[in-house]
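S.K.:
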Amino acid sequence: MRRIDVFNGDADGLCALHQLRLAEPAESELVTGVKRDIALLERVTAEEGDAVTVLDVSLDKNRGALLRLLAAGATVRYFDHHFPGDIPVHPRLEVHIDTAAEVCTSLLVDRHLGGRFRPWAVAAAFGDNLHASARQAAAPLGLDEDRLNTLRELGECLNYNGYGESLADLHFHPAELYRLVSGYADPFAFAAEEAAYARLRDGYREDMAQAAALKPEAETAGGAVYLLPDAPWSRRVSGVFANDLATAHPNRAHGVLSRRRDGAYTVSVRAPLANPSGADELCRAFPTGGGRKGAAGINCLPADQLETFFARFRAAYPDVI
Ligand SMILES: [Mn+2]
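Under this note's numbering, the first residue of the sequence shown carries the number 1, and numbering increases by one thereafter.
1) Exposed or buried, LYS215, counting other C-beta atoms within 10 Å across all chains shown (16 or more means buried)?
2) If you count every other CB in all the chains shown that lies within 10 Å of the CB of ALA137, and 16 or more means buried, which is it?
3) Applying the criterion that 16 or more other CB atoms from any shown protein chain within 10 Å of the CB defines a buried residue, is PRO25 buried or exposed?
4) Please determine, among LEU41, LEU67, GLY73, TYR163, the residue with the shortest C-alpha to C-alpha distance to GLY297.
5) Please state whether DSSP places TYR184 in a helix, a strand or coil.
6) So, helix, strand or coil for LEU130, using DSSP?
7) Give me the residue from GLY239, ALA271, GLY263, MET1 with the minimum Cα distance to HIS249.
8) Going by the DSSP bridge assignment, what does GLY9 pair with across the sheet?
9) Can you give the Cα-Cα distance for ALA311 and LEU245, rounded to whole angstroms?
10) Using the Cα positions of LEU143 and HIS131, report the straight-line distance between them to the nearest angstrom.
11) Between the Cα of VAL89 and the Cα atoms of TYR78, VAL34, THR99, PHE83, which residue gives the shortest distance?
12) Taking LEU227 as the reference, give the member of LEU301, PRO276, ALA189 with the closest Cα.
13) Does DSSP put ASN299 in a helix, a strand or coil?
14) Once you ignore the five residues that flank GLY155 on each side, which residues in its own chain have a CB closer than 8 Å to its CB?
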């Protein structure tokens, strides 16, 4: 019998698995990738009796592979907060899906485990840019502002590591980062003692400093669109930079476009935090787009679609540009 843990390569997926494996220590095979690589289940083969855990990737994008694994005799446990579409009913499928805007997968795992490893769920919620949920979940822990900031930065750095066009853009393969994290039950010890985390945090700060020096391509009181250059740092920083802009300017919508090696663009859209809607619809209008109401993206926007994107952005957020 094999154990296979499939997780999104961002803070939420990683901290969801970490909590589960702290509760149920076991050796497992890891299947993960860059944050945008969500068709993870298609890489999995399983047999009768194998146990598959799936974390933080849309069931809707993995349904075919999920049905194949169930038919092969595997048991599947699924935690997620993305749009699932029709959820199969099967005696060997256990589903914990909640698409409410204020939860993330790590908070669902925290709920399942009765809050046993809450600080990791708090870090993950910060990583998914759910600051209010993170603070609410942290309230019973009685952390001072310094400790909360440590968890916020941890979530942001783990999240940041997941962004990139390919694994080559990342500081750490998400499976490697998970193995480093899995050596620590205490996130504050990880943040203080793990040398690899110090490197990740330095990389994060350097990339964010480069991004902060950029001028928006278009900007008004209501919104801004940034174009990042073709460089690994910009592919790493795009999503976190978009989160940062959204938090700094809660009444604005934001678009962050980074140039891919093939000349197309990767797009991150953040709706105004004060009115988090429309990002998913805007991005789904393009073939490789998807996401949630407040935060969405387009994996590959051909360069000749750039003007169309600007026009749709203006239509989605009138008076913005
Ligand atoms: Mn998530």
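Glycine included, every Cβ here is placed at the ideal spot set by N, Cα and C.
M.R.: On the basis of the coordinates in this document:
1) exposed
2) buried
3) exposed
4) TYR163
5) coil
6) coil
7) ALA271
8) Paired residue(s): none; GLY9 is not in a bridge.
9) 21 Å
10) 15 Å
11) TYR78
12) LEU301
13) strand
14) ALA11, CYS15, VAL122, ALA123, ALA124, ALA125, PHE126, GLY127, ASP128, ALA134
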